[in-house]
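Worksheet for the structure shown next.
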Amino acid sequence: MQAPTMLKIPKKYLLALAVILTGGLLLRLTVLGPTKIQTVRVTQRDLIAQVYGNGTVEAKVVVNIASKITGRLAEVSVDQGDMVKQGQVLAKLDLSELQAQNRQAKASLALAKKNAARFKALASKELVSLQEAEQYETAFLLAKEAVVASRSRLDDATIVAPEDGIIIRRELEPGATVTAGLPILLLANPETVWVKANVDESQLKGLTPGQSATITLRSAPGEKFPGQVARLAWESDRVTEELEVDVAFTPPVANFRLGEQAEVLITTGARKDAPSIPNTVLANKGKQRGVWVVENNRLLFRAVSTGIEDSHGMIEITAGLTGNEAIALAPPEKMSLLTEGQKVRVR
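Following the UniProt record's numbering, the numbering of the sequence shown begins with 1 at its first residue and continues without gaps.
Rendered as structure tokens:
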């Protein structure tokens with residue numbers, strides 16, 4: 001009986017099988033093997049949380065300085081950039097016509113006074129009726145009012161500063177015709193100058209009036225001006241999703257330009273020697289926020305409570321960690337795939 005012959009497998013199939021086995025081993029060692037991660041630990045550091053905003057320099061109190069009467073502008077004694085005091089003369093209207101009106105009113109008053117006295121005497125002798133005498137008395141009173149009115153118009157021809165401030169705009173020049181209420185000058189109170197900054201809604205946590213800030217003006221990029229949050233708007237911009245925050249200069253500045261671009265950094269919190277971790281190690285598990293801790297090469301989720309965060313991405317840990325844990329750190333695309341009990345390899 002002839003012995004059975006062994007089945008010969010072509011070399012190309014053996015080579016393919018070796019490639020498959022090798023690939024499977026590599027797959028297990030890499031993709032299916034323990035995830036490679038790095039670890040960080042809690043460190044103590046000083047943290048300063050700041051909120052950024054940009055906007056323009058504005059003034060809360062801006063006063064239009066206008067004439068109460070119509071006339072020709074004879075003189076403007078101040079210019080843009082001038083500091084003025086309350087009651088200081090700023091401009092004058094031409095007085096010639098007003099003075100003529102005042103002289104005429106005084107002459108009419110003198111005549112009305114004589115007539116009122118004469119007809120009063122005649123009425124007492126019953127030479128004229130009492131009603132006629134009262135008409136002249138009324139004319140006398142009206143003439144007195146006309147003199148007062150003309151005197152008031154003369155006073156109104158001199159325009160004075162209603163309060164201390166700085167002239168930020170000169171609208172009219174001598175010779176111009178002025179109508180009542182038409183602005184001649186624009187005055188701003190330096191005590192009320194602030195930056196109306198726009199702050200993204202995502203940064204509003206912890207932002208309150210009274211917090212300190214630094215202001216940088218576009219005209220002085222290397223200079224920092226101290227400031228303070230004066231007030232917050234109660235309505236955000238629905239398009240930009242930003243809130244207007246008014247930051248006052250402290251102390252007030254005299255050299256300012258309304259409308260100038262400005263940036264603000266508002267300090268919303270500060271901690272000394274705060275236990276901190278990079279914000280990139282934070283993860284979510286269900287509704288909990290926490291970190292993945294490595295113990296015996298496996299991941300355990302620890303819920304944590306956090307405090308302030310600085311501009312370098314370091315965030316304060318207020319509860320949940322002892323400070324001795326090895327905390328998993330991986331690229332964002334891998335952090336989202338980590339699971340409880342997963343085996344990892346620390347690099």
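Glycine residues also receive a C-beta, built at the ideal position from the N, C-alpha and C atoms.
Would you check if the distance between the CB atom of residue i and the CB atom of residue j is smaller than 8 Å?
i: Ile65; j: Thr267; result: no
i: Gly53; j: Val245; result: yes
i: Val294; j: Val346; result: yes
i: Ala139; j: Ala123; result: no
i: Leu73; j: Leu154; result: no
i: Leu186; j: Leu243; result: no
i: Ala91; j: Ile215; result: no
i: Arg41; j: Glu325; result: yes
i: Gly222; j: Pro278; result: no
i: Leu258; j: Val51; result: no
i: Ala230; j: Ala248; result: yes
i: Arg218; j: Glu191; result: no
i: Ala283; j: Met335; result: yes
i: Val78; j: Ile167; result: yes
i: Ala330; j: Ile37; result: yes
Does residue i pass the burial test, meaning 16 or more other C-beta atoms within 10 Å, or should it be called exposed?
i: Lys196; result: buried
i: Gly227; result: buried
i: Val89; result: exposed
i: Arg103; result: exposed
i: Met6; result: Unreliable positioning characterises Met6 in this predicted model, as indicated by a pLDDT of 49, which lies under 50. The coordinate reading is nonetheless provided below. Answer is exposed; the Cβ neighbour count stays below 16.
i: Gln86; result: exposed
i: Lys343; result: exposed
i: Gly165; result: buried
i: Ser150; result: buried
i: Val264; result: buried
i: residue 355; result: Any property of residue 355 remains undetermined from this structure, which presents the chain solely from 1 to 347.
i: Val148; result: exposed
i: Gly55; result: buried
i: Leu98; result: buried
i: Leu130; result: exposed
i: Ala176; result: exposed
i: Leu127; result: exposed
i: residue 348; result: Residue 348 is absent from the structure shown; the chain starts at 1 and stops at 347.
i: Leu142; result: exposed
i: Ala107; result: exposed
Under 8 Å by Cβ, that's how I've got residue i and residue j pegged, so tell me the actual separation to the nearest angstrom.
i: Val84; j: Asn189; result: Rounded, the Cβ-Cβ distance is 11 Å, inconsistent with contact.
i: Ala146; j: Ala110; result: No, Ala146 and Ala110 are not in contact; Cβ-Cβ is about 12 Å, not under 8 Å.
Taking C-alpha atoms, which residue in the options lies nearest to residue i?
i: Ala328; options: Asp164, Gly290 and Glu316; result: Gly290
i: Leu299; options: Thr339, Gln99, Leu109 and Gly313; result: Thr339
i: Lys136; options: Val51, Lys113, Ser67 and Ala91; result: For clarity, residue 136 is Tyr in the given sequence; the question names Lys instead. For the residues Val51, Lys113, Ser67 and Ala91, the minimum Cα distance to Tyr136 belongs to Lys113.
i: Val304; options: Gly313, Lys287 and Asn297; result: Lys287
i: Ala319; options: Ala143, Arg302 and Phe225; result: Arg302
i: Pro251; options: Glu260, Lys224 and Ala270; result: Lys224
i: Thr43; options: Gly323, Ala330, Ala116 and Lys285; result: Gly323
i: Gly341; options: Asn297, Leu321 and Pro331; result: Asn297
i: Ala116; options: Gln101, Ala100 and Lys144; result: Lys144
Practice item. Decide if the region 301-311 is in contact with the region 271-288; the criterion is three or more beta carbon pairs, one per stretch, under 8 Å apart. Key: Result yes; three or more Cβ-Cβ pairs closer than 8 Å.
Point to revise | Segment contact flag, the region 67-77 with the region 154-163, C-beta cutoff 8 Å, min 3 pairs | key: yes
Point to revise | Given 8 Å, three or more beta-carbon pairs between the region 228-237 and the region 196-207 | key: yes
Practice item. Take every Cβ of the region 198-217, pair it with every Cβ of the region 164-182, and state whether three or more of those distances are shorter than 8 Å. Key: no
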